[in-house]
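> In the numbering used here, the protein residues as written are -1 to 291.
Built from N, CA and C at the ideal position, the CB exists for glycine as well.
Since the model is a prediction, treat every value here as computed from it, not as a measurement.
What follows is a structure written as structure tokens; I'll ask about it next.
Encoded structure:
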């Protein structure tokens, strides 16, 4: 009877141990599932980035039509008439579809004037405009032309932009399927970073497109005039000078006479008093002399 009791107790303990083991296994599987879910987005993101990078490395760089060259030029010239030369250049700029960035005129003295212009001309008219600008000069003092090939830089930016666009699309897809707040925040942060990089790349591409499609030309024009003194008619008009001097002298005499009249009439009371005093003094002195005799 005791054996049966111990045997029954042993079966109960064995069943309890088996049940505990099953619960622990289920708990472990549940934790593994949660861990797997937490790293699923990271693995997908890394996999997507690696795939995009591999494709970008395998794809050959796309060729663009022609070469992208940024042309700049500086021309320094002497001109006979600065205003006329500047007007003709402004007309040519409009004719070729360009625009003026800066235009200034500096006058050093009566004989020297300087004109400074910075213009942008469509690339296809670059050489033609240089020829026209030099045609306005009486003498070309300096001509400096430079060119920078940015074709490879532009192609590289194009390739990087495509790669970033693919990553952006993948992140948008992940965002639609994200269920956890943590994953959604991580995707949003990565998406904002990628979109910021896309904006920077697009800005650089637009800058290169603008600089290569329009050439920048700086013009310095110097006008030197020799002024020969002429004989002025005023120097030879003796009669006019005589009349002028006569009028001046007459005015001076009239002014002096007027001043004298004003002085005497204005001070007449004073003169009368002084005259009376002088007469009295003279009369007294004369009378005393007569008495002494």
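#1: List the DSSP bridge partners of residue 101.
#2: Note down the Cα distance separating residue 26 from residue 187, rounded to an integer number of angstroms.
#3: Between which two residues does the beta strand (DSSP E) containing residue 74 stretch?
#4: Terminal residues of the continuous alpha helix (DSSP H) containing residue 186?
#5: Could you check the C-alpha separation between residue 273 and residue 250 for me, to the nearest Å?
#6: Suppose the cutoff is 6 Å on Cβ atoms and the five residues either side in sequence are ignored; what does the same chain contact list for residue 145 look like?
#7: Since residue 143 sits in a beta bridge, which residues does DSSP pair it with?
#8: Would you decide whether residue 96 is buried or exposed? Buried here means 16 or more other CB atoms lie within 10 Å of its CB.
#9: To the nearest whole angstrom, what separates the beta carbons of residue 115 and residue 101, a pair I think is in contact under 8 Å?
#10: For residue 236, which of helix, strand or coil comes out of DSSP?
#11: Rounded to a whole number of angstroms, what is the C-alpha to C-alpha distance between residue 264 and residue 240?
#12: With a threshold of 8 Å, are at least 3 pairs of Cβ atoms found where one atom belongs to the segment 165 to 175 and the other to the segment 189 to 201?
#13: Considering residue 154, what are the terminal residues of the alpha helix (DSSP H) in which it resides?
#14: Which residue wins for smallest C-alpha separation from residue 194, given the options 290, 163, 65, 261?
#15: In whole angstroms, what is the alpha-carbon distance linking residue 87 and residue 121?
#16: For residue 105, count neighbouring Cβ atoms within 10 angstroms of its own Cβ and tell me buried if that reaches 16, exposed if not.
#17: What does a CB cutoff of less than 6 Å around residue 288 pick up in its chain, not counting 5 residues either side in sequence?
#18: In this structure, what does DSSP give as the bridge partners for residue 137?
#19: Candidates 90, 64, 218: which alpha carbon is nearest residue 127's?
#20: Output yes or no for whether 8 Å exceeds the beta carbon distance between residue 169 and residue 199.
#21: Buried or exposed: which applies to residue 154, given that a residue is buried once 16 or more other Cβ atoms fall within 10 Å of its Cβ?
#22: Rounded to whole angstroms, how far is the Cβ of residue 117 from the Cβ of residue 99, which I believe are closer than 8 Å?
#23: Does residue 57 come out as helix, strand or coil in the three-state DSSP assignment?
#24: Under the assumption that residue 77 contacts residue 71 (Cβ atoms under 8 Å), give the Cβ distance between them as a whole number of angstroms.
#25: Measure the alpha-carbon distance for residue 254 versus residue 280 and round it to whole angstroms.
#26: With DSSP as the reference, identify every bridge partner of residue 220, one or two as the case may be.
#27: So, is residue 181 buried or exposed, given that buried needs 16 or more other C-beta atoms within 10 angstroms?
Let me lay it out:
#1: For the purposes of this step, residue 101 is identified with residue 103 of the chain shown, where counting begins at 1. Paired residues: 115.
#2: Sequence index remark: in the chain shown, residue 26 carries index 28 (1-based). Sequence index remark: in the chain shown, residue 187 carries index 189 (1-based). Any answer about residue 26 is weak, because its pLDDT of 45 lies below 50 and its placement is not dependable; what the coordinates show is given next. Approximately 32 Å between the Cα atoms of the pair.
#3: By 1-based counting over the chain shown, the position of residue 74 is 76. Residues 67 to 77.
#4: As a working note, residue 186 is residue 188 in the chain shown. Counting along the chain, the alpha helix (DSSP H) containing residue 186 begins and ends at 179 to 211.
#5: Start at 1 with the first residue of the chain shown, and residue 273 comes out as number 275. Start at 1 with the first residue of the chain shown, and residue 250 comes out as number 252. So the two alpha carbons sit approximately 31 Å from each other.
#6: Within the chain shown, residue 145 is the residue found at index 147, counting from 1. Hits under 6 Å: 67, 69.
#7: Here residue 143 is taken as the residue at index 145 of the chain shown, counted from 1. According to DSSP, which records beta bridges pairwise, residue 143 is partnered with 71.
#8: On the chain shown, position 98 is the one that residue 96 refers to. Sixteen is the threshold: when 16 or more other Cβ atoms of the shown chains lie within 10 Å of the Cβ of residue 96, as they do, the residue is buried.
#9: Counting from one through the chain shown, the residue named residue 115 turns up at place 117. Counting from one through the chain shown, the residue named residue 101 turns up at place 103. The pair is a contact, with the Cβ atoms about 5 Å apart (cut-off 8 Å).
#10: Numbered from 1 along the chain shown, position 238 holds the residue referred to as residue 236. Helix.
#11: Residue numbering aside, residue 264 sits at position 266 when the chain shown is read from its first letter. Residue numbering aside, residue 240 sits at position 242 when the chain shown is read from its first letter. Looking at the two C-alpha atoms, the distance is approximately 35 Å.
#12: A contact is defined here as three or more CB-CB pairs under 8 Å, and the segment 165 to 175 meets this definition with respect to the segment 189 to 201.
#13: The residue given as residue 154 occupies position 156 in the chain shown. First-last of the alpha helix (DSSP H) with residue 154: 149 to 175.
#14: Mapped onto the chain shown, residue 194 falls at position 196. Here the closest residue by C-alpha is 163.
#15: Taking the chain shown and counting its residues from 1, the one referred to as residue 87 is at position 89. Taking the chain shown and counting its residues from 1, the one referred to as residue 121 is at position 123. Cα to Cα, the separation comes out at about 17 Å.
#16: For the purposes of this step, residue 105 is taken as the residue at position 107 of the chain shown. It is exposed - the Cβ of residue 105 has fewer than 16 other Cβ atoms within 10 Å.
#17: Here residue 288 refers to the residue found at position 290 of the chain shown. No residues qualify anywhere along the chain.
#18: For the purposes of this step, residue 137 is identified with residue 139 of the chain shown, where counting begins at 1. Note: residue 137 sits in a beta bridge opposite 76.
#19: Residue 127 sits at position 129 when you count from the first residue of the chain shown. Cα-wise, what sits closest to residue 127 is 90.
#20: Stepping through the chain shown from its first residue, residue 169 is reached at position 171. Stepping through the chain shown from its first residue, residue 199 is reached at position 201. No, the Cβ-Cβ distance between residue 169 and residue 199 is not below 8 Å.
#21: Taking the first residue of the chain shown as position 1, residue 154 is located at position 156. Exposed, because fewer than 16 other Cβ atoms sit within 10 Å of the Cβ of residue 154.
#22: For the purposes of this step, residue 117 is identified with residue 119 of the chain shown, where counting begins at 1. For the purposes of this step, residue 99 is identified with residue 101 of the chain shown, where counting begins at 1. So it is a contact: roughly 6 Å between Cβ atoms.
#23: For the purposes of this step, residue 57 is taken as the residue at position 59 of the chain shown. A caution first: residue 57 carries a pLDDT of 45, below 50, which makes its placement in the model unreliable, though a value can still be read off. Residue 57 falls in the coil class under three-state DSSP.
#24: Numbered from its first residue, the chain shown carries residue 77 at position 79. Numbered from its first residue, the chain shown carries residue 71 at position 73. Going by Cβ atoms, the distance from residue 77 to residue 71 rounds to 17 Å, so no, they are not a contact pair.
#25: For the purposes of this step, residue 254 is taken as residue 256 along the chain shown, with counting starting at 1. For the purposes of this step, residue 280 is taken as residue 282 along the chain shown, with counting starting at 1. For residue 254 and residue 280, the distance between alpha carbons rounds to 33 Å.
#26: What you label residue 220 is simply residue 222 of the chain shown in a count that begins at 1. Beta-bridge pairing links residue 220 to 76, 112.
#27: The sequence position of residue 181 within the chain shown is 183, counting from 1. Result: buried.
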